[in-house]
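Numbering (the UniProt record's numbering), first residue to last: 1 to 97.
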């Protein structure tokens, strides 16, 4: 009985692993230029969203996050903010390049 249970678990695990798709993400550490602020970063992000949500943009499975390093730090971060992009899979990522 134990062997049969292990066999079924292996079959189910294998079946689900073949269908798994890998999402792609990239994180960029960024610094603001003199005279710019986070408002400029948000404005750029909104422009990117308009392009990627537009009719001419085929792949609708893209996302982005703007993150500021404010979690308890003992020293200042080397970056002002982090920009995270993510795609649904490698095919979409490749189409964006």
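C-beta atoms are modelled at their ideal positions from N, C-alpha and C, and glycine is treated no differently.
- Of the candidates 64, 38, 68, 33, the residue whose Cα lies closest to the Cα of residue 88 is 64.
- In this structure, residue 79 places its C-beta atom within 8 Å of the C-beta atom of residue 69.
- The residue from 26, 22, 24, 30 with its alpha-carbon nearest to that of residue 77 is 30.
- Taking the Cα of residue 32 as reference, the smallest distance to any Cα among 41, 24, 67 is reached at 41.
- The shortest CA-to-CA distance from residue 26 to any of 62, 46, 44 is the one to 62.
- Residue 28 carries a strand assignment under DSSP once its states are collapsed to helix, strand and coil.
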